[in-house]
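Going left to right, the sequence shown walks through residues 1 to 566 as the UniProt record's numbering numbers them.
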Amino acid sequence: MMAEVAEPLVDAMVAGGVRVLFFASGSDVMVFQEEIARREAHGLPAPRLVPVLHETVGLNAAMGFAMAGGGVAAVAAHVDVGTLNMGAAWHTLRRCGEPVLILAGSPPTSEPGVRRGGRDHPVYWLQEPVDQRTLFQPYLKWGWRLSSFDNPGLVVSRALQIARSEPCGAAMVTLPRDVVMGQAPDLPYPDTGRLGLPAPTHPDPEAISRLARLIADADCPVIVTGASGRDPRTVPLLTELVELAGAWVTESGWRERLNISSRHPMLATGPALGAADMVLVVDRHIPWVPDGGPDAPPEDATVAWLGRDVLVADVPIVEHPADLRIPCTTANGLAALIAALRDAHTPVTRRRAQARLAEGRRRRTALDTRQDAEAIAAPGSPVDPRRVAYELGLLLGDDAILLDEAVSNAPHVRAHHRGGRPGSFFAQSGSAGGWGSGAALGAKLAAPERDIVLASGDGFYWFGSPGAALWTARHAGAPYLAVVFVNGRYSTGTVQASHFYPGGYAEAAGFPGGVFDPPPDYAAEAAAAGGWGRYVDDADQVAQALREGLARTREGAPAVVAVRVR
């Protein structure tokens with residue numbers, strides 16, 4: 001029997017490093033079910049096929065898999081309705097900088113009886129949107145519609161080459177059913193490794209020397225970051241740079257990765273950006289709101305950008321100034337800057353840096369003591385969210401992975417996170433709610449030996465089809481703990497309404513449209529999906545519920561602890 005096109009497609013996926021295919025079945029992408037089962041029956045390498053009950057879970061899981069070190073993952077979806085069902089996850093994918101291969105099924109266009117897989121049902125006329133790829137073009141790095149004239153293995157190899165090259169992103173191959181069910185051409189093709197990935201880039205030595213002198217001479221140097229820890233190698237490098245420079249570190253309220261230990265003396269303990277005379281931006285899209293306020297640097301501050309995207313090129317208008325923009329692989333840039341700063345330091349500048357570091361240690365001790373005491377003393381029913389974050393911080397070991405989608409309570413979650421291991425903290429990089437459940441599933445598949453915990457606001461949690469994610473977690477052997485902060489409202493809208501319309505009609509009416517109280521029973525939903533759930537409304541119950549939930553995940557069941565918070 002002649003091979004079908006699905007065979008070289010999967011061959012190229014395996015050769016290109018794809019280990020997992022998150023799969024929502026359909027009449028077009030069902031060819032992957034057959035091909036992967038055939039390979040498994042013959043002992044041939046194949047990606048693991050992980051069924052998902054909702055496409056948004058699949059796409060978010062692919063991002064979580066890549067974030068947690070699993071490498072590039074693939075997602076298959078059924079025609080335009082399947083890719084549309086990925087919804088807001090497209091936005092997150094565009095901003096997260098992770099490699100994902102999207103296999104988008106498409107209906108056949110062959111007339112009935114002309115070729116295998118052609119139109120044999122009325123629905124196939126309705127499913128053709130002319131060009132499915134154009135619907136998602138703003139979110140893609142690369143896209144292609146496979147035709148019967150293409151070399152399918154080469155198409156997938158090229159897609160993975162683009163997806164895996166910095167800055168990483170999404171590559172989409174649209175697959176008409178009558179093409180993928182056709183006979184595979186007997187054509188050789190290079191795999192992704194043979195096509196080659198770009199080598200890491202190094203910074204300009206003169207620019208690095210100038211930057212080192214500026215940092216050494218500064219009275220108040222501040223480093224702004226958010227996602228430098230996407231490359232785990234940068235965490236010890238950033239730590240060394242911060243301590244050598246005596247530089248304060250801010251994540252400006254939006255931490256996407258663990259960039260430096262959560263309780264490092266110089267993180268979130270320094271003066272506001274408005275006091276800085278030297279600012280270094282490292283892998284941060286929008287480092288501050290340029291409104292001239294205390295959280296923006298003064299006009300006379302020196303500003304430098306270093307990293308993989310110093311132009312923030314995927315955002316159309318960015319008005320943030322720079323005296324230096326140094327493009328490079330971030331780890332290489334930090335290593336070069338450390339070496340240059342050692343040479344630039346004088347005994348006087350070194351002493352000033354060490355004095356700032358000593359002050360940071362004093363501030364960190366005082367800050368942690370105060371925040372922990374406030375969390376412990378907080379009243380108990382409904383539970384103060386600071387208490388939930390505090391107990392969660394105590395529970396998690398340094399080996400655990402925490403995913404943060406707590407929204408209005410995210411500052412508490414981050415304040416009480418105690419981890420310092422690279423790759424132990426993730427938050428989504430955009431503004432689309434619902435990333436967390438799928439990402440937790442993907443992270444567990446990438447790192448099955450580690451505890452995976454999601455902290456989520458209830459509004460964002462609901463956006464992510466949690467029942468579908470919990471079912472897949474149970475059946476794929478990828479259990480995680482979800483801690484849901486239940487406040488029964490969309491804080492983003494209610495806070496903004498209060499700010500712009502204080503004492504207004506919406507506030508007087510109880511914010512209609514922004515409140516969903518009583519909220520859904522998230523614990524019962526977990527049980528319905530084959531997991532374990534507990535509802536908590538008293539502070540004294542939180543620690544025990546969290547411990548039990550984590551224990552259940554270690555036994556193989558996904559778990560949800562829903563805490564009613566004030």
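Virtual Cβ for every residue (Gly too), placed ideally from N, Cα, C.
Given the structure is predicted, the values throughout are model-derived calculations rather than measurements.
No Cβ-Cβ contact shorter than 8 Å links residue 464 with residue 352. The C-alpha of residue 225 is placed about 15 Å away from the C-alpha of residue 326. In this structure the region 109-125 does not lie against the region 163-171, because fewer than three pairs of beta carbons, one per stretch, are closer than 8 Å. In the structure shown, residue 307 adopts extended strand secondary structure according to DSSP, grouped into three states. Per DSSP, reduced to three states, the secondary structure at residue 426 is strand. For residue 225, the uninterrupted beta strand (DSSP E) segment begins and ends at 221-225. Between the alpha carbons of residue 251 and residue 184 lies a distance of about 50 Å. Between residue 453 and residue 489, the C-beta spacing is not below 8 Å.
Cβ atoms of residue 336 and residue 208 come within 8 Å of each other, at about 5 Å. Residue 370 counts as exposed, since fewer than 16 other C-beta atoms from the protein chains shown sit within 10 angstroms of its C-beta. Sorting 220, 65, 42 by C-alpha distance to the C-alpha of residue 349 places 220 at the top. The C-beta separation of residue 332 from residue 201 comes to about 7 Å, placing the pair in contact by the 8 Å criterion.
Of the candidates 298, 18, 537, 382, the residue whose Cα lies closest to the Cα of residue 566 is 382. Residue 397 is positioned such that its CB atom lies no closer than 8 Å to that of residue 474. By the beta-carbon neighbour count (other beta carbons within 10 angstroms, threshold 16), residue 54 is buried. Under the three-state reduction of DSSP output, residue 338 falls in the helix class. Beta-bridge analysis with DSSP links residue 176 to 106. The DSSP-derived three-state label of residue 539 is helix. Taking the Cβ atoms as the reference, residue 455 lies roughly 5 Å from residue 413, within the contact range of under 8 Å. Cβ-Cβ distances below 6 Å link residue 408 to 491 in the same chain, with the five nearest sequence neighbours on each side left out; the list follows chain order. Taken in chain order, the complete alpha helix (DSSP H) segments of 4 or more residues contained in the region 467-530 are 491-500, 505-508, 522-528. As the crow flies, the alpha-carbon of residue 278 is around 23 Å from that of residue 256. For residue 23, the enclosing beta strand (DSSP E) stretches over residues 20-23. Nearest Cα to residue 17 within the set 8, 73, 41, 104: 73. Within a 10 Å sphere around the beta-carbon of residue 313 sit fewer than 16 other beta-carbons, which makes this residue exposed. The C-beta separation of residue 375 from residue 366 comes to about 15 Å, leaving the pair out of contact by the 8 Å criterion. In this model, residue 106 and residue 466 are separated by some 27 Å (Cα to Cα). Taking 8 Å as the cut-off, the Cβ atoms of residue 239 and residue 261 count as close.
Approximately 6 Å separates the beta-carbon atoms of residue 144 and residue 155; this is inside 8 Å, confirming the contact. Distances from the alpha-carbon of residue 168 to those of 535, 323, 66 put 66 closest.
Around the CB of residue 10, 16 or more other CB atoms lie within 10 Å, so the residue is classed as buried. The secondary-structure analysis by DSSP pairs residue 302 across a beta bridge with 278. A distance of 8 Å or more separates the beta carbons of residue 96 and residue 424.
The DSSP-derived three-state label of residue 456 is strand.
DSSP places residue 132 in the helix class (H, G or I) of the three-state scheme. Non-local C-beta neighbours of residue 39 in its own chain, meaning closer than 6 Å and more than five positions away in sequence, comprise 46, ordered along the chain.
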